[in-house]
Amino acid sequence: MSAGEDRIRWWQSGVIYQVYPRSFQDSDGDGVGDLNGIAARLDHFVALGVDAVWISPIYPSPMADFGYDVADYTGVDPRFGTLADFDALLAKAHGLGLKVILDFVPNHSSDRHPWFAESRSSRSNPKRDWYIWRDAAAGGGPPNNWISDFGGSAWEWDEATGQYYAHAFLKEQPDLNWRNPELRAAMFDAMRFWFDRGVDGFRIDVLWHMIKHADFIDNPVNPDWTLGMADMDRVHQLNSTDQPEVHAVAAEMRALADGYDGDRVLIGEIYLPIVKLMTYYGSDDAPEVLPFNFQLIDAPWDARAIARIIAAYEGALPPGGWPNWVLGNHDRPRIAARVGAAQARVAAMLLLTLRGTPTIYYGDELGLADVAIPPDMIQDPRELREPGKGLNRDPVRTPMPWDGSANAGFTTGAPWLPLNPDWPTRNAAAEADDPDSMFALHRALLALRRAHPALSIGDLALVESDGDVLAYERRHGEERIVVALNLGEREQCISLAEGNCALLLATCSGESRSAGGSAQRQGSGFRRSTVVLAPNQGLILQALPA
Ligand code: GLC
Ligand code: MG
Numbered sequence: 005m006s007a008g009e010d011r012i013r014w015w016q017s018g019v020i021y022q023v024y025p026r027s028f029q030d031s032d033g034d035g036v037g038d039l040n041g042i043a044a045r046l047d048h049f050v051a052l053g054v055d056a057v058w059i060s061p062i063y064p065s066p067m068a069d070f071g072y073d074v075a076d077y078t079g080v081d082p083r084f085g086t087l088a089d090f091d092a093l094l095a096k097a098h099g100l101g102l103k104v105i106l107d108f109v110p111n112h113s114s115d116r117h118p119w120f121a122e123s124r125s126s127r128s129n130p131k132r133d134w135y136i137w138r139d140a141a142a143g144g145g146p147p148n149n150w151i152s153d154f155g156g157s158a159w160e161w162d163e164a165t166g167q168y169y170a171h172a173f174l175k176e177q178p179d180l181n182w183r184n185p186e187l188r189a190a191m192f193d194a195m196r197f198w199f200d201r202g203v204d205g206f207r208i209d210v211l212w213h214m215i216k217h218a219d220f221i222d223n224p225v226n227p228d229w230t231l232g233m234a235d236m237d238r239v240h241q242l243n244s245t246d247q248p249e250v251h252a253v254a255a256e257m258r259a260l261a262d263g264y265d266g267d268r269v270l271i272g273e274i275y276l277p278i279v280k281l282m283t284y285y286g287s288d289d290a291p292e293v294l295p296f297n298f299q300l301i302d303a304p305w306d307a308r309a310i311a312r313i314i315a316a317y318e319g320a321l322p323p324g325g326w327p328n329w330v331l332g333n334h335d336r337p338r339i340a341a342r343v344g345a346a347q348a349r350v351a352a353m354l355l356l357t358l359r360g361t362p363t364i365y366y367g368d369e370l371g372l373a374d375v376a377i378p379p380d381m382i383q384d385p386r387e388l389r390e391p392g393k394g395l396n397r398d399p400v401r402t403p404m405p406w407d408g409s410a411n412a413g414f415t416t417g418a419p420w421l422p423l424n425p426d427w428p429t430r431n432a433a434a435e436a437d438d439p440d441s442m443f444a445l446h447r448a449l450l451a452l453r454r455a456h457p458a459l460s461i462g463d464l465a466l467v468e469s470d471g472d473v474l475a476y477e478r479r480h481g482e483e484r485i486v487v488a489l490n491l492g493e494r495e496q497c498i499s500l501a502e503g504n505c506a507l508l509l510a511t512c513s514g515e516s517r518s519a520g521g522s523a524q525r526q527g528s529g530f531r532r533s534t535v536v537l538a539p540n541q542g543l544i545l546q547a548l549p550a
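Residue numbering for the sequence shown follows our numbering, beginning at 5 and increasing consecutively.
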């Protein structure tokens with residue numbers, strides 16, 4: 005990640021796939037996915053052609069926030085299996101050439117973690133300072149105006165010891181105090197525990213939340229907040245997040261990971277504007293993490309807006325900083341729900357041809373959309389606490405549809421969330437056999453990335469963003485590949501400087517052709533420099549020597 009090094013690491017050329025373990029594959033009939041289920045489905049990753057699998061938390065947890073409330077950082081929740089199951093999964097994955105990335109949740113533990121039980125037992129307990137305890141404000145009430153991301157005050161009163169504790173999320177997720185050296189050491193030991201077992205990296209949960217302002221000063225009030233907006237947006241999280249001291253913590257994590265062989269990766273979950281995000285790459289002297297780039301999640305689906313984002317992000321990268329792109333995750337609406345089925349194919353081509361490491365959210369390779377959840381089945385604590393504001397994350401966490409058998413092959417029991425209603429046709433087995441499926445498109449895109457280094461590690465130059473067309477060129481050595489995406493529903497014409505081009509891949513057969521020419525099929529050439537894009541069509545073209 006530091007400047008001046010041109011060795012390509014696996015996580016730079018590779019593609020990451022996110023598994024939400026509750027929803028991937030159940031092996032024991034309890035309706036909840038598990039590690040043996042994932043192990044049984046490793047062939048899916050191989051068939052698709054991804055390089056690494058990131059698994060959302062599998063640690064022992066009361067599941068108040070479905071595993072993001074960790075009660076033991078060095079164990080496996082019995083619902084997911086055992087440590088032996090994990091070791092077996094890791095060995096099997098490595099045997100297939102797949103890397104495994106775990107989710108590390110350092111900002112907060114579960115309130116059932118033994119550390120918190122100790123911490124809250126008395127003000128003089130040695131672990132009191134492992135969490136963030138404050139006296140009530142002078143006039144009574146919470147120490148300041150910080151608001152939990154899941155609504156309500158970020159402070160919970162503890163009657164027994166007469167102080168408040170901080171929780172950026174649920175009150176069942178007390179924030180750990182990373183200013184305490186013993187807590188830090190204990191958490192670094194937990195990272196070592198998994199690195200020693202061979203995990204290839206961590207995705208670090210809410211990294212930018214980890215250190216709070218030392219003086220706990222109020223956050224500025226958001227004058228634009230209105231009813232119907234999430235409660236957390238009442239204030240700007242200026243003092244409760246993104247404090248300068250967090251960078252030393254991230255650098256220490258990086259140094260720890262660098263003590264291991266194999267280029268272990270650290271990916272930070274950070275929702276911040278581009279300029280602030282960039283600071284989490286660290287410096288040559290103190291490299292930090294690969295900060296998740298969520299720009300495309302919030303982007304309006306507009307060619308010019310996306311071109312601006314690409315230019316701004318690429319332009320802001322520090323020297324040697326490697327990009328990455330994400331279309332969705334277990335917290336945000338799915339891409340197919342946001343842009344529709346036709347554009348989801350264009351989005352897949354975008355994600356898998358931009359410069360930088362792509363992360364694919366499970367099910368997106370099948371074109372899964374958000375699934376409507378009947379009111380009596382809602383599970384997400386966020387929705388339950390702030391109903392009706394469009395915050396529910398259950399719709400993007402539904403079971404993976406595998407085949408046409410009962411419960412789409414996900415479970416022999418009752419699935420913990422409903423399946424997508426179109427599962428009888430939208431499932432992995434059916435799509436693997438259908439050359440026009442979303443799965444087939446992903447497989448083709450990933451094969452193309454592997455075959456053409458220009459698409460994975462090549463440079464990127466924006467070519468055009470006019471009207472509904474977004475086009476860019478990827479270059480590596482002599483190779484030049486043009487990606488042209490039509491984000492609209494009307495036919496579009498673009499002029500290419502390249503002259504002769506061969507069509508490598510189209511998102512849909514459509515009517516792509518050179519202007520004035522006849523319809524083109526995949527593998528055929530464009531003899532003119534003007535290319536017509538069918539509605540909702542993306543093309544990958546290889547420039548041919550003149
Ligand atoms: C992250 C996770 C989210 C979780 C939250 C609290 O944003 O992605 O699912 O609820 O952190 O841990
Ligand atoms: Mg199970």
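Idealized CB from N, CA, C, for every residue including glycine.
Assigned secondary structure, residue i (DSSP; H/G/I helix, E/B strand, else coil)
i: GLY272; result: strand
i: HIS217; result: coil
i: SER516; result: For SER516, the predicted structure reports a pLDDT of 49, less than 50, and the residue's modelled location is therefore unreliable. The matter cannot be settled from this model.
i: MET67; result: coil
i: ASP264; result: Correcting the residue type first, residue 264 is Tyr in the shown sequence and not Asp. Correct three-state label for TYR264: coil.
i: TYR169; result: strand
i: LEU543; result: strand
i: LEU450; result: helix
i: ASN40; result: helix
i: GLU2; result: The structure shown does not extend to residue 2, since the chain is modelled only from 5 to 550, so the question has no answer here.
i: ILE485; result: strand
i: VAL536; result: strand
i: ALA341; result: helix
i: HIS456; result: coil
i: VAL19; result: coil
i: ILE62; result: coil
i: LEU548; result: coil
i: GLN526; result: Residue confidence is low: GLN526 scores 48 on pLDDT, short of 50, so the model does not pin down where it sits. No coordinate-derived value is stated.
i: GLY521; result: With a pLDDT of only 39 at GLY521, under 50, the local geometry of the prediction cannot be trusted, and the value read off the model is given with reservation. Here GLY521 sits in coil by DSSP.
i: SER157; result: strand
i: ILE151; result: strand
i: VAL279; result: helix
Pick from the options that is closest to residue i, judged by C-alpha positions
i: PRO25; options: ARG183, LEU52, VAL57; result: VAL57
i: LEU354; options: PHE296, LEU474, LEU242; result: LEU474
i: ASN333; options: GLU273, ASP200, LEU388; result: GLU273
i: ALA290; options: VAL400, LEU370, MET257; result: MET257
i: GLY417; options: VAL19, GLN16, ASP30, LEU106; result: ASP30
i: VAL487; options: SER244, TRP212, SER499, PHE70; result: SER499
i: TYR284; options: PRO322, ALA307, PRO130; result: PRO322
i: TRP329; options: ALA320, PHE298, ASP302, ARG338; result: PHE298
i: GLY202; options: ARG389, PHE220, GLY263; result: GLY263
i: ALA170; options: ILE339, VAL467, ASP133, LEU358; result: ASP133
i: LEU102; options: ARG386, LEU46, SER114, PRO82; result: LEU46
i: ASP153; options: ALA436, GLY145, VAL54, LYS175; result: LYS175
i: ASP32; options: ASP76, ASP89, ALA316; result: ASP89
i: ASP463; options: THR415, ARG359, ASN504, LEU508; result: ARG359
i: GLN167; options: LEU180, PRO146, LEU187, GLN177; result: PRO146
i: ALA311; options: ALA259, ASP470, ARG478; result: ASP470
i: GLU292; options: ALA158, GLU493, ARG397, ALA255; result: ALA255
i: GLN496; options: LEU106, THR534, ARG479, LEU466; result: THR534
i: ALA433; options: ASP115, LEU370, THR415; result: LEU370
i: ASP179; options: HIS117, TRP326, PHE192, ALA142; result: HIS117
i: LEU356; options: ALA410, LEU489, LEU281, MET233; result: LEU489
One or two residues paired with residue i in a DSSP bridge
i: PHE108; result: ILE208
i: ASP162; result: GLN167
i: MET233; result: LEU231
i: PRO291; result: GLY286
i: LYS103; result: ALA56
i: VAL473; result: ASP470, ASN490
i: TYR135; result: LEU180
i: ALA465; result: GLU477
i: ILE498; result: VAL535
i: ILE301; result: The partner list for ILE301 (beta bridge, DSSP) is empty, contrary to what the question assumes.
i: ALA510; result: LEU543
Closer than 8 Å to chain B by CB, residue i
i: ARG188; result: Of the protein chains in the structure, only one exists, and it is not chain B.
Report task. Starting from the N-terminal end, write out each residue whose C-beta falls within a distance shorter than 5 Å of any non-hydrogen atom of ligand 2. Result -> ASP30, ASP32, ASP34, VAL36, ASP38
Query raised in the report: Hey, which unbroken runs of the beta strand (DSSP E) at 3 residues or more fall wholly within the stretch 353-427?
Result: 361-365
**Report entry** Ranges of the beta strand (DSSP E) found wholly within the stretch 308-335, counting only runs of at least 3
**Finding:** 328-330
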